[in-house]
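Chain order of the listed sequences is A and B. Numbering of the first sequence is given in this note's numbering, commencing with residue 1 and proceeding in unit increments. Numbering of the second sequence is given in this note's numbering, commencing with residue 669 and proceeding in unit increments. From the three backbone atoms N, C-alpha and C, an ideal C-beta is built for every residue, glycine too. These numbers were taken from a predicted model, which means no experiment stands behind them. For reference, the structure discussed in these notes is given below.
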Amino acid sequence: MTIHNNIDNFLAADLHDDLSEEERHDLHTHLVECPTCRQLHQENKIMSKILEETLRVEKPDPAFERRMLSGFRKRAPQKAGSIAKFIVDLMRLRSAQLATVAAILLALVQMGKLITKEPRQATVAARTALDRSELQPDVGQPGETASESAAKSDQLNIKNFAAATPGASAGGTSQAYAGQASQFAAGKIAQTPERAKSEPSASLEKESVNAPSTYAEAVGPPLANRKLIRSAKVEFEVMSFEDSVQRITVMVHEGHGYVATTGSRKQANGKLRGEVMVKVLPDYLDSFLQKIRGLGELKNQTLGTEDVTKAYFDTDARFKNARVMEQRLIDMLKKNTGKVSDLLQVEKELGRVREDIEKMQGELKYWDSQVQFATVTILLAEKDMEEPAAFLLKERTQLALYVNDVEKVYNDVKTLASPKVQTTSAQLDRDNAGRVAAHLSMLIVPEESDAVVSRVKGMGRVENFQVQTERVAQGGNGMSENAKTKRDKVALNITISRETDEQPVQETSLRILTSNVDQNAARLKADAVKSGAEIRNSTFSRDPDGREVASIFLRLPMKNYAPMMKSLSQLGAMKDVSVQRHDKIDKNGSEETAPADISIQIYSRGNIVSSDTSPLATLRNTVAQGVAALMWSLRMIGVAIAFLAPWAIALVGVIWITRRIARRRNKT
Amino acid sequence: MMDANEHEMYRAAIHGDREAFEMIIRTQSRALFAIAYGILQNREEAEDAVQDALVKAWKSRWRVRYPEKFPAWLCMITRHRSRDVFRRRRSVPLPHEIGDAIEPERTDTVALDRQLHSALAALPELHRSALMLRYFEEMNYQSIEELLGLTNGALRGILGRALATLRKQLRPALASLHRL
């Protein structure tokens with residue numbers, strides 16, 4: 001039925017030849033079955049024909065294309081290919097646009113490099129690469145092939161550069177920079193050709209990877225004539241200094257050298273530290289360095305080469321010239337012609353020349369000796385250099401006491417002093433309010449300390465006792481199994497305070513209701529003093545309603561606490577009793593003598609009806625409040641009128657005007 | 669879809685080859701005219717519109733990124749241009765068609781012709797363009813689809829509906845013609 005529903009589309013497509021074989025077949029089958037669609041098909045055919053006929057007239061004439069072309073040529077004339085036009089056309093291409101953007105970015109990057117001076121850094125790196133590479137062929141094993149060492153120095157180069165530019169950690173970047181560096185190196189060599197000839201540089205090696213013979217030519221004979229002073233410095237941690245020195249001596253003999261100097265120093269913990277200076281033939285230097293690796297743990301190694309070729313040969317040439325000069329002067333003397341003064345002059349000149357010769361000879365000899373042997377400085381340190389020689393046990397004791405008579409105890413403690421118990425400082429503070437406190441510091445020999453501390457403890461109530469022990473390592477740090485431990489003097493700090501300043505063990509607060517406050521308060525005070533309590537504070541007050549309140553604050557020893565509470569209960573009904581206990585962790589003070597605080601409030605009921613709540617006063621208050629409320633509502637009404645009045649007036653006005661208009665209309 | 673030669677021609681035109689562009693004018697201008705005529709229903713105006721569209725296309729050819737889209741792009745420019753012309757014409761009152769329509773019919777064929785034109789004018793613009801491409805250029809459905817950016821189903825729907833609409837409007841006239 002889809003054909004029937006979409007008959008329009010199918011008919012049009014059929015007319016326009018767009019149906020597939022299958023569709024066409026389906027359509028025709030349907031047309032046979034369905035008279036409505038058949039009718040439409042007929043109509044459509046006629047319709048299409050009419051359309052074709054009608055529109056044929058409207059079709060463009062055969063000259064249409066030519067008209068279009070000529071019009072186009074007229075309106076978009078072909079311009080002569082100027083360069084500007086070409087550039088504009090080029091810029092319209094997407095690839096050209098991308099290329100331009102890339103070029104601009106590249107230019108910006110280059111400018112940034114120029115501004116941040118990065119190329120200079122590259123130069124520095126190149127220079128270091130160059131210096132290293134000067135060293136490289138000497139250090140390399142004789143058997144090493146050129147390509148191997150080239151690869152090695154390449155790595156060196158890259159590493160160098162990575163170190164020089166910490167920012168360039170990415171592999172790709174550092175590679176690129178390394179390439180740049182080697183370029184710089186090449187440039188450097190081009191500037192100093194004589195150097196490049198005699199010393200293979202990193203970049204030269206790099207280029208000669210494909211042709212190892214170049215390397216051989218570059219290294220070969222010229223190196224033999226060079227005057228290089230080589231030196232190395234190595235630092236080891238060894239088990240035994242003496243053994244190591246012996247082994248070094250053996251190795252040096254193998255390397256055709258000798259031990260120049262040795263020196264050692266013993267430390268407090270018995271460990272040795274020393275230095276051995278060794279001379280070996282330069283050719284054996286590398287193998288020697290390899291060998292001594294076995295001595296122990298290598299801590300540090302530096303290798304240096306000084307090139308004195310130029311200075312050496314300069315001096316040599318001058319030396320030879322001086323020799324010729326000397327010969328000529330001697331000849332002049334031999335001829336023995338001329339005046340005496342001339343001869344003297346020649347003699348003098350000869351002396352000067354000989355002096356020069358000797359100086360230069362000495363210089364050359366020195367260099368020869370330096371060049372002949374490479375110097376190796378070996379620093380040796382035995383293991384566990386930092387192990388302590390001994391330990392010192394330091395003890396510090398803090399003691400805080402509460403006593404009744406501070407001054408007496410202070411003097412008692414001072415009398416303890418003896419050669420073995422020394423008072424380092426003693427201080428007694430007393431202020432205008434009668435507060436007294438004392439501080440004592442003592443140094444006690446270890447054997448006496450326990451006795452002294454226990455004696456001082458017995459002089460009062462101990463509030464605080466603290467012992468601090470510290471072990472100090474001597475001549476090193478860390479641990480040691482065989483170091484001795486020694487006890488140092490004990491430092492004792494004593495603080496003496498008055499008992500009254502002590503915090504109570506127990507705090508009690510209660511209220512007592514009696515009819516006769518005054519009298520009972522007086523009785524209470526008398527009782528308290530009798531039972532050894534201290535009255536610290538008392539107040540009495542009476543308010544207008546006849547209420548009386550007396551408050552008393554007592555401190556008494558714990559042993560008197562229970563009897564006191566009993567006598568209090570006789571005064572009247574106890575109310576709101578609260579007890580708070582501060583148990584001290586340090587229990588060495590006796591419970592009996594510890595202080596307890598009691599705060600008592602004695603009060604009576606006031607008049608049943610207070611003057612404020614009497615019937616007359618209540619009436620007066622009520623009337624006054626009523627009047628106030630009345631006045632307030634009056635004020636509010638006034639406000640409301642003030643708000644509404646304008647609107648009401650306006651409304652009335654509008655109604656009046658409309659009525660008037662209506663009336664006039666009725667009249668007319 | 670598009671053979672290699674055509675593709676190369678469009679590519680060259682985009683890159684500024686005048687010869688190639690003139691070739692395109694030769695091959696495509698009739699189709700463009702059909703589209704413009706479909707919108708404007710006036711031959712002179714349609715020709716001008718195509719001319720304008722071609723010049724504009726030449727000047728901004730570098731905007732086309734893919735050569736295979738070039739014909740559709742040309743068609744779009746023509747449609748825009750034609751619509752511009754149509755809009756401008758709208759402001760000028762030109763109601764003589766209506767007057768003609770009211771005029772009593774002289775002969776049946778002329779009347780039919782006129783009726784057909786007014787029925788065409790009542791069709792949506794896209795329907796008209798599709799009809800013109802089909803009846804002017806006898807283009808197959810696939811080319812029309814490419815040019816107008818339609819799917820096969822959509823084009824079938826458009827042409828089917830267009831013919832149906834015309835048929836309904838012209839049924840009385842057709843009947844009389846049939847009788848003759």
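Closer than 8 Å to chain B by CB, SER48/A: yes
Endpoints, beta strand (DSSP E) assigned at ALA103/A: Counting along the chain, ALA103/A falls outside any beta strand (DSSP E), though it belongs to the alpha helix (DSSP H) covering 94-115.
Compare the Cα-Cα distances from ARG435/A to each of SER418/A, GLN327/A, ASN404/A and report the closest residue. ASN404/A
Below-8 Å beta-carbon distance, ALA76/A vs any chain B residue: yes
If you drop the 5 nearest sequence neighbours on each side, which residues of the same chain put their C-beta closer than 7 Å to that of ALA483/A? PRO388, ALA389, ALA390, PHE391
Against chain A, which members of the stretch 701-726 of chain B pass a CB distance test of less than 8 Å? PHE701, TYR705, ARG711, GLU715, VAL718, GLN719, LEU722, VAL723, TRP726
Just tell me which of THR397/A, LEU440/A, ARG430/A, LEU399/A has its CA closest to the CA of THR415/A. LEU440/A
If we count the other Cβ atoms within 10 Å of its Cβ and call it buried at 16 or more, is ILE330/A buried or exposed? exposed
Report yes if the CB atom of ALA798/B is closer than 8 Å to the CB atom of LEU823/B, and no otherwise. yes
Can you list the residues of chain A that GLY825/B reaches, using a CB-CB cut of under 8 Å? ASN9
Short of 7 Å Cβ to Cβ, which residues in the stretch 676-693 of chain B face chain A? GLY684, ARG686, GLU690, ILE693
Identity of the residues DSSP links to GLN246/A by a beta bridge: Its beta-bridge partners do not exist; DSSP assigns none.
For chain A, is any of its Cβ atoms less than 8 Å away from the one on ARG749/B? no
Alpha carbon to alpha carbon, what distance is there between GLY828/B and MET677/B? 34 Å
Which listed residue (GLY294/A, THR315/A, VAL252/A, GLU65/A) has its alpha carbon closest to that of MET284/A: Reading the sequence as shown, one finds Tyr at residue 284/A and not Met. Answer by Cα proximity: VAL252/A.
Anything in chain A within Cβ reach of GLY828/B, meaning under 9 Å, just list it in chain order. ASN6, ILE7, ASP8, ASN9, PHE10, LEU11, ALA12, ALA13
Proximal chain B residues relative to ASP18/A, where beta-carbon distance stays under 9 Å: ASN808, TYR809, GLN810, ASN820, LEU823, ARG824, LEU827
Distance cutoff 8 Å, beta carbons only. Does ASP781/B sit that close to anything in chain A? yes
Are the Cβ atoms of LEU568/A and ALA533/A separated by less than 8 Å? no
Listed by chain order, chain B residues near GLN21/A by CB distance under 7 Å: First, the amino acid is wrong: residue 21/A is Glu here, not Gln. Simply none; closest approach about 16 Å.
Residue(s) in a DSSP beta bridge with ASP429/A: ALA437/A
Pick helix, strand or coil for TYR710/A, following the three-state DSSP scheme. Because chain A spans 1 through 668 in this model, residue 710/A falls outside it and cannot be assessed.
Quick check: is the beta carbon of LEU98/A nearer than 8 Å to any beta carbon in chain B? no
Inter-stretch contact (C-beta, 8 Å, three-pair minimum) for the stretch 680-696 of chain B and the stretch 24-42 of chain A: no
In chain B, which residues lie with their C-beta within 7 Å of the C-beta of PRO60/A? ARG698, PHE701
Among HIS748/B, CYS743/B, GLU813/B, ASN820/B, the one whose alpha carbon lies nearest that of THR695/B: CYS743/B
Those residues which DSSP pairs with VAL324/A across a bridge: Partner(s): none; VAL324/A has no beta bridge.
Would you kindly check if the distance between the Cβ of LYS727/B and the Cβ of ALA76/A is under 8 Å? yes
Limits of the unbroken alpha helix (DSSP H) element including ILE542/A: Note on identity: in this sequence residue 542/A is Arg, with Ile being the wrong assignment. Element bounds for ARG542/A: not the alpha helix (DSSP H) but the beta strand (DSSP E), 534-542.
What would DSSP say about SER509/A, mapped onto helix, strand or coil? strand
Tell me which same chain residues have a C-beta within less than 6 Å of the C-beta of PHE465/A, skipping the five on either side of it? LEU399
Let me check understanding here. Comparing Cα to Cα, which of ALA740/B, LEU780/B, GLU806/B, ALA721/B lies closest to ARG839/B? LEU780/B
Taking a Cβ distance cut-off of 9 Å, strictly less, list which residues of the stretch 731-749 of chain B are near chain A, in chain order. ARG731, ARG733
Out of VAL529/A, ALA528/A, ILE552/A, GLU502/A, which one is the CA nearest neighbour of SER538/A? ILE552/A
Answer with yes or no whether the minimum CB distance from LEU31/A to chain B is below 8 Å. no
Sufficient close CB pairs (3 or more, under 8 Å) joining the stretch 239-249 of chain A to the stretch 261-281 of chain A: yes
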